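Engineer: Dropping a structure here in structure tokens format, bear with me for questions.
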Amino acid sequence: MKLFITAEAEKQIKKKMNTDYSIVTLKYETEGCGCAVSGIPTLELTNKENFIEEDYSKIPTNTMDVYIEKTKLVFFDDEMKINFLPEKQTFQLSSPSEILNGRMSCQLK
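Start counting the sequence shown at 1; every next residue gets the next number (UniProt numbering).
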């Protein structure tokens, strides 16, 4: 699995980071979606206290460390890109074959 992060997306993620919330995770959120296979990808900045490293896989990227829960890897494509859309002030997660989330937020959790 590979993840490309555009320069603008990297800049926007780093603007949201602070000393407490510095671990970038790509989550597959299923809460409120009805079932475990119906979910939506989200970006989260996690603090070290809430991060259990053995539950995550570090994904190769071009810029920064990004982690995905091992149990959720099946929901992501082998090749993905995170872009930032300034006109909508939101992130976009895409793969060569589809847009996985066209309006992805980046939250502190």
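For every residue, glycine included, the Cβ atom is placed at its ideal position computed from N, Cα and C. Computed from a prediction, not measured in an experiment: that's the story for all the values here.
Near Tyr56, which residues of its chain fall below 8 angstroms by C-beta distance, leaving aside the five closest residues on each side in sequence?
Structural biologist: Around Tyr56: Thr25, Tyr67, Ile68, Glu69 and Lys70.
Engineer: Count the other CB atoms, across all protein chains shown, that sit within 10 Å of the CB of Ala9; report buried if there are 16 or more and exposed otherwise.
Structural biologist: So Ala9 counts as buried.
Engineer: Can you give me the C-alpha to C-alpha distance between Leu100 and Lys81, rounded to a whole angstrom?
Structural biologist: The straight-line gap from Cα to Cα measures roughly 10 angstroms.
Engineer: Please go through the UniProt domain "Core" (1-107) and give each complete beta strand (DSSP E) segment of 3 or more residues, from N-terminal end onward.
Structural biologist: Counting only runs of 3 or more, we get 2-5, 21-29, 40-47, 56-59, 66-69, 79-85, 90-94 and 99-104.
Engineer: If you draw a straight line from the alpha carbon of Phe51 to that of Ile23, how long is it in whole angstroms?
Structural biologist: In a straight line, the C-alpha of Phe51 is about 8 angstroms away from that of Ile23.
Engineer: Give the straight-line distance between the Cα atoms of Ile13 and Glu53, rounded to the nearest whole angstrom.
Structural biologist: Each residue's Cα considered, the two are about 20 angstroms apart.
Engineer: Is Lys72 buried or exposed, if buried means 16 or more other CB atoms sit within 10 Å of its CB?
Structural biologist: Lys72 is buried by the Cβ-count criterion.
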